[in-house]
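Trainee: Dropping the structure in here first, questions after.
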Amino acid sequence: MDVSFVGGPQPQRGLGVVAPFDFALDRELWRWVPDEISLHLTRTPFVPVEVSLDLARIVSEHETLDEAIRALGAVEPEVLAYACTSGSFVGGIAGEHAMCEAMRRSGARPCLTTSGALLEALAELDARRVALVTPYTRSVTESLAQFLAEAGAAVTGTAFLGLTRRIWKVPYQDVARMARDAAGTTADVLFISCTNLPTYDVIPQLEAELRIPVISANQVTMWAALRRLGTRAVGPYQALLDPAARRQWSLPDEGLRPGHGAPELPEGQEGWA
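Given below as structure tokens:
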């Protein structure tokens, strides 16, 4: 059978993604990606450690990144993304910058991390007061709050689950309940952390209910990476991806209070699900 009339395949541009060994949401990442882009994913080596600050440090070691990025180099992606929030905020702002530099040394391509993409998204939305939703333990959640404080953002409310494994199993209804609890009345934006926590379908629903932009770890990672490729992420009714959608809300005018740092997290929310 002659199929020469079909032509193709169509040219594809590559986006390389390094994820932790337990990452289970490949399909969710693909949902943000337009047809002309291919995702090339690799994972860090398995270690018998549950989700914690220790694991965040292990999966973000520069030697681990070097091996993963050299492996991805065989398929020649144009941009490299490290898709792990805790692994990219655990070392603070300096640690995130050092990770990007280590990735560039290994791959010589534009590089980004999830936590770096989060800061880009906050700047894009002109948001300085952040409500946090995480699946993490208290200590990991506090580390994220400290990272944001170092970047000049104020955390206005927090809800977390206290999980150390199987985060990808958390249903949307639990994410939504935490979002309502954390949002309050003063946040400019709500951030749902962890690239292993499903968020794609819940984002527009929460934005409609809370009347503020809602961003998530996987969303900001794909948004920032695809922007470096000169294209846009695919996501209906998501304010970060559609500037027109942002005009339905007015962000508060009040600036950050001088000396405002990472907050004490409220009691009684660990094990919240």
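Residue 339 is where the sequence shown ends in the numbering used here, and the numbering goes up by one at each step.
Quick reminder that beta carbons are idealized off the backbone N, C-alpha and C, glycines included.
Keep in mind that this is a model prediction, so the values were computed, not measured.
For Glu186 and Ile103, what's the separation of their Cα atoms in angstroms?
Mentor: The count along the sequence shown starts at 1 and reaches residue 186 at position 120. The count along the sequence shown starts at 1 and reaches residue 103 at position 37. Rounded to whole angstroms, Glu186 to Ile103 spans 21 Å at the Cα level.
Trainee: Any idea which residues DSSP pairs Gly153 with across the strands?
Mentor: The residue labelled residue 153 in the question sits at position 87 within the sequence shown. Looking at the DSSP assignment, Gly153 forms no beta bridge with any residue, so it has no partner.
Trainee: Let's see if you can read the secondary structure: which residues bound the beta strand (DSSP E) around Phe87?
Mentor: Residue 87 sits at position 21 when you count from the first residue of the sequence shown. That residue, Phe87, is in no beta strand (DSSP E); it is neither H nor E in DSSP.
Trainee: Rounded to the nearest angstrom, what separates Pro279 and Ala305 at their Cα positions?
Mentor: On the sequence shown, position 213 is the one that residue 279 refers to. On the sequence shown, position 239 is the one that residue 305 refers to. Roughly 6 Å separates the two Cα atoms.
Trainee: Tell me the DSSP secondary structure of Ser205 in three-state form.
Mentor: The residue you call residue 205 lines up with position 139 of the sequence shown. DSSP places Ser205 in helix when its eight states are reduced to three.
Trainee: Taking the DSSP output, what are the residues bridged to Gly372?
Mentor: Here the chain comprises residues numbered 67 to 339, so residue 372 is not present and cannot be evaluated.
Trainee: Compare the C-alpha of Gly182 against each of Ala197, Arg171, Ala174 and Glu162 and name the closest.
Mentor: On the sequence shown, position 116 is the one that residue 182 refers to. If we check each option's Cα against that of Gly182, Glu162 comes out closest.
Trainee: Taking its Cβ as the centre, do 16 or more other Cβ atoms sit within 10 Å of Thr180, making it buried, or is it exposed?
Mentor: Translated into the one-based positions of the sequence shown, residue 180 becomes position 114. Classification for Thr180: buried.
Trainee: Measuring straight from C-alpha to C-alpha, what distance separates Val83 and Leu210?
Mentor: Position 17 of the sequence shown, counted from the first residue, corresponds to residue 83. Position 144 of the sequence shown, counted from the first residue, corresponds to residue 210. Looking at the two C-alpha atoms, the distance is approximately 22 Å.
Trainee: By how many angstroms is the C-alpha of Gly157 removed from the C-alpha of Glu127?
Mentor: Residue numbering aside, residue 127 sits at position 61 when the sequence shown is read from its first letter. Residue numbering aside, residue 157 sits at position 91 when the sequence shown is read from its first letter. Going from the Cα of Glu127 to the Cα of Gly157 covers about 10 Å.
Trainee: Taking DSSP as the reference, what is the three-state secondary structure of Arg109?
Mentor: On the sequence shown, position 43 is the one that residue 109 refers to. Note: Arg109 maps to strand in three-state DSSP.
Trainee: Classify Ala140 as buried or exposed, calling it buried when 16 or more other Cβ atoms lie within 10 Å of its own Cβ.
Mentor: Taking the sequence shown and counting its residues from 1, the one referred to as residue 140 is at position 74. Result: exposed.
Trainee: If contacts are defined as beta-carbon pairs under 8 Å, then Ser259 and Thr108 qualify, I think. What distance do you get, rounded to the angstrom?
Mentor: Translated into positions along the sequence shown, residue 259 becomes position 193. Translated into positions along the sequence shown, residue 108 becomes position 42. Contact doesn't hold; Cβ gap of about 22 Å is too wide.
Trainee: Return the first residue and the last residue of the alpha helix (DSSP H) that Ala245 is part of.
Mentor: The residue labelled residue 245 in the question sits at position 179 within the sequence shown. Counting along the chain, the alpha helix (DSSP H) containing Ala245 begins and ends at Tyr238 to Ala249.
Trainee: Compare the C-beta of Val141 against all C-beta atoms of chain D and say whether one is closer than 9 Å.
Mentor: Structure shown: chain D not included; a single protein chain is present.
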